[in-house]
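In UniProt numbering, the protein residues as written are 1 to 425.
Reading through the structure tokens given below for one structure.
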Amino acid sequence: MIDLRLLREDPDRVRASQRARGEDVGLVDALLSADERRRSSSVRFDELRSEQKQLGKLIPKATGDEKAELLTKAGELSAAVKAADAAQDAAAEETQRLLRQLGNLVHSDVPVGGEEDFVVLETIGAPRDFAAEGFEPRDHQEIGQLLGAIDTERGAKVSGSRFYYLTGVGALLELALVNAAIAQATAAGFIPMLTPALVKPRAMEGTGFLGQAAENVYHLEKDDYYLVGTSEVALAAYHMDEIIDAAKLPLRYAGFSPCFRREAGTYGKDTRGIFRVHQFDKVEMFSYVAPEDAEAEHQRLLDWEKQWLTGLGLPFQVIDVATGDLGASASRKFDCEAWIPTQGKYRELTSASNCNEFQARRLSVRMRDGKHVKPLATLNGTLCAVPRTIVAIFENHQQPDGSVTVPEVLRPYLGGREVLEPVTA
RNA sequence: GGAGGCUUCGCCUAGUCUGGUCUAUGGCGCCGCACUGCUAAUGCGGUUUGGGGUAACCCCCCAUCCCGGGUUCAAAUCCCGGAGCCUCCGCCA
Numbered sequence: 001m002i003d004l005r006l007l008r009e010d011p012d013r014v015r016a017s018q019r020a021r022g023e024d025v026g027l028v029d030a031l032l033s034a035d036e037r038r039r040s041s042s043v044r045f046d047e048l049r050s051e052q053k054q055l056g057k058l059i060p061k062a063t064g065d066e067k068a069e070l071l072t073k074a075g076e077l078s079a080a081v082k083a084a085d086a087a088q089d090a091a092a093e094e095t096q097r098l099l100r101q102l103g104n105l106v107h108s109d110v111p112v113g114g115e116e117d118f119v120v121l122e123t124i125g126a127p128r129d130f131a132a133e134g135f136e137p138r139d140h141q142e143i144g145q146l147l148g149a150i151d152t153e154r155g156a157k158v159s160g161s162r163f164y165y166l167t168g169v170g171a172l173l174e175l176a177l178v179n180a181a182i183a184q185a186t187a188a189g190f191i192p193m194l195t196p197a198l199v200k201p202r203a204m205e206g207t208g209f210l211g212q213a214a215e216n217v218y219h220l221e222k223d224d225y226y227l228v229g230t231s232e233v234a235l236a237a238y239h240m241d242e243i244i245d246a247a248k249l250p251l252r253y254a255g256f257s258p259c260f261r262r263e264a265g266t267y268g269k270d271t272r273g274i275f276r277v278h279q280f281d282k283v284e285m286f287s288y289v290a291p292e293d294a295e296a297e298h299q300r301l302l303d304w305e306k307q308w309l310t311g312l313g314l315p316f317q318v319i320d321v322a323t324g325d326l327g328a329s330a331s332r333k334f335d336c337e338a339w340i341p342t343q344g345k346y347r348e349l350t351s352a353s354n355c356n357e358f359q360a361r362r363l364s365v366r367m368r369d370g371k372h373v374k375p376l377a378t379l380n381g382t383l384c385a386v387p388r389t390i391v392a393i394f395e396n397h398q399q400p401d402g403s404v405t406v407p408e409v410l411r412p413y414l415g416g417r418e419v420l421e422p423v424t425a
């Protein structure tokens, strides 16, 4: 959530941010009035409670009529205190409820608009010219079948649409990707983490996924658990309710976990292959930094993503995601989109978000900076979302015979294999 | 799944039986000051977090003894519910 103080001092800035996101501006006014009610009811409670405490000191010393009188008075006061307490609680709860509905403040450089209004910041590498090479590229689904790497048919039989099996070299390729990604992250100073895939409501809510994104989250009703859509959730909540010494920052984690997404409202979209699936594995980078270091860290996360994609030999572009497509937590988001030859366009492979103090406030993660305790900033960035990376590798590194050249960085993790060959059916 | 124990201001800990003087004890750690011509040692002071008052510091008020209810004029303390941790038993990869 955002800083209440900032809301009080500069409500127009918050309104502008809401407008840019295409969200309800009325929320800001409701919030201001709830906050005022919270403040005044809290002042009243404090006064009454103070009076009650004074009285409580006199009672044990008093005797006889004097005591009876004091007890009567205390009884009346007690009722008033209870009422004031209830009013205070109600106002505080209302303020919290409204505050949690508010998205993060949008960074001023973010392009305003919807999904299509992103700005391309950079293009790295160039798409292969398959025509010049004299063959028509196969899509990843077809290559996956030729290599015996992907089985979507049986995935659907067993679990339904958007499920798949990675088989043979497909399975090995995932393990290679994960190992290579973890190795890169570890070399960069990230602490490797295997994280829970089921989390409690507070973790999911605090990370900001139960707002507009809620329809894409799986929920286990019987136990009130949520399935994470990314290990970001578990990594953000890892330090929930803690105060971290400034000297320990930046704190960087590389999480690996399965990710579950309902993909509601995407019927008919990316239905072929494994580009958009309900379950996949992902290596995610997550940073806790001082707020003033957040923008620099955002750039660093992006650089590590670029290093990763470059190492895999994939042509890609970096975009500055527009306001309407940010998600509640991010103030700014950079996506790396890899070129997918058979689609003739760039598609999202990684995403780096600067949430500054938004998640930290909701999860109560703070830093101790000298005498002061304040919220810190959290950032997250994909290193390797496995299925999409496999899609990009298959399509970009395919040969006329359906074989796939293994990027050099992955070879050590694939027993030195340089090419994935079609299996004879 | 069954039985028992535990949870106090960074860590450890006193206090809970017998409600008010708990504005929570002591140790460790940490910070500051003093002192010995260095380090060490010693002494003194400080050290939970959140909200509010203040332009701000000092300071003051309120809340906070795992969480939520209840009893009471008054709850760390009594009662009920919940969570987490530990031990033992059962089951199990």
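From the three backbone atoms N, C-alpha and C, an ideal C-beta is built for every residue, glycine too.
None of these values were measured; they are calculated from a predicted model.
Asked                                                                                                                                                                           : Found
Pairing CB atoms from the region 346-355 with CB atoms from the region 151-164, are three or more of them under 8 Å?                                                            : no
Could you pull the DSSP bridge partners for asparagine 380 from this structure?                                                                                                 : Phe286 and Ser353
Enumerate in chain order the residues of its own chain whose CB-to-CB distance from aspartate 241 is below 6 Å, with the five nearest sequence positions on each side excluded. : Ser364
Hey, out of Ala126, Arg411 and Met367, whose CA is closest to alanine 338's CA?                                                                                                 : Ala126
Measuring alpha carbon to alpha carbon, tell me which of Leu302, Glu142, Phe190 and Met367 ends up nearest glycine 402.                                                         : Glu142
Would you kindly report the start and end of the unbroken beta strand (DSSP E) that includes lysine 333?                                                                        : 332-340
From valine 409 to glycine 148, what does the alpha carbon distance come to, in whole angstroms?                                                                                : 22 Å
Where DSSP assigns a beta bridge to lysine 374, which residues make up the other side?                                                                                          : Met367
Taking DSSP as the reference, what is the three-state secondary structure of arginine 44?                                                                                       : helix
Would you mind giving the Cβ-Cβ distance between alanine 237 and alanine 203, rounded to the nearest angstrom? I have them listed as a contact below 8 Å.                       : 4 Å
If you reduce the DSSP assignment to three classes, tell me which class tyrosine 238 lands in.                                                                                  : coil
Would you identify the three-state DSSP class for threonine 123, choosing helix, strand or coil?                                                                                : strand
Cutting at 8 Å between CB atoms, please list the residues of its own chain near glutamine 101, excluding the five before and the five after it.                                 : Leu27 and Gly211
Is the beta carbon of arginine 5 less than 7 Å from the beta carbon of alanine 91?                                                                                              : no
Can you list, in chain order, the residues of its chain with a C-beta nearer than 7 Å to that of glycine 189? Leave out the 5 residues immediately preceding and following it.  : Arg252
Work out the CA separation of threonine 382 and phenylalanine 280 for me, nearest whole Å.                                                                                      : 13 Å
Whole-angstrom Cβ separation of valine 228 and phenylalanine 256, contact assumed at under 8 Å?                                                                                 : Wrong, their Cβ atoms sit about 12 Å apart, outside the cutoff.
Within 10 angstroms of the Cβ of glutamine 299, are there 16 or more other Cβ atoms? Answer buried if so, exposed if not.                                                       : exposed
Could you give the distance in angstroms between the alpha-carbon of arginine 272 and the alpha-carbon of proline 11?                                                           : 46 Å
Answer with buried or exposed for threonine 379, where buried requires no fewer than 16 other C-beta atoms within 10 angstroms of its C-beta.                                   : According to the sequence as given, residue 379 is leucine; it is not threonine. Buried, because 16 or more other Cβ atoms sit within 10 Å of the Cβ of leucine 379.
Would the region 308-316 and the region 327-335 be scored as touching if the rule is three or more Cβ pairs under 8 Å?                                                          : no
Flag this pair as yes or no: are the beta carbons of phenylalanine 135 and proline 315 separated by less than 7 Å?                                                              : no
Tell me, please, whether the region 76-88 touches the region 39-49 by the rule of three or more beta-carbon pairs shorter than 8 Å.                                             : yes
Report the partner residues of methionine 193 according to the DSSP bridge assignment.                                                                                          : Gly255
Leaving out the 5 sequence neighbours to the left and right, which residues in its chain are closer than 7 Å to aspartate 245 when beta-carbon positions are compared?          : Arg368
If you compare alpha carbons, which of Gln88, Arg262, Val391 and Lys222 is closest to proline 341?                                                                              : Val391
What do you reckon, are the CB atoms on leucine 249 and alanine 187 nearer than 7 Å?                                                                                            : no
Return the CA-CA distance between valine 283 and leucine 7, expressed in angstroms with no decimal places.                                                                      : 36 Å
When DSSP labels each residue in this structure, what does aspartate 281 get in the three-state scheme?                                                                         : strand
Can you tell me which of Glu232, Ala176, Arg262 and Ile191 puts its alpha carbon nearest to the alpha carbon of valine 217?                                                     : Arg262
For histidine 140 and glycine 170, what's the separation of their Cα atoms in angstroms?                                                                                        : 12 Å
Have a look at the DSSP bridge pairing and note the partners of glutamine 398.                                                                                                  : Val404
On a CA-only basis, which of Asp35, Ile243 and Pro192 is nearest leucine 376? Give me that one, please.                                                                         : Ile243
Going by DSSP in three states, arginine 128 sits in which element: helix, strand or coil?                                                                                       : coil
What are the boundary residues of the alpha helix (DSSP H) that glutamine 212 is part of?                                                                                       : Where glutamine 212 is concerned, there is no enclosing alpha helix (DSSP H), given that its DSSP letter is neither H nor E.
Among all the DSSP beta bridges, which residues are the ones paired with arginine 5?                                                                                            : None; arginine 5 has no bridge partner.
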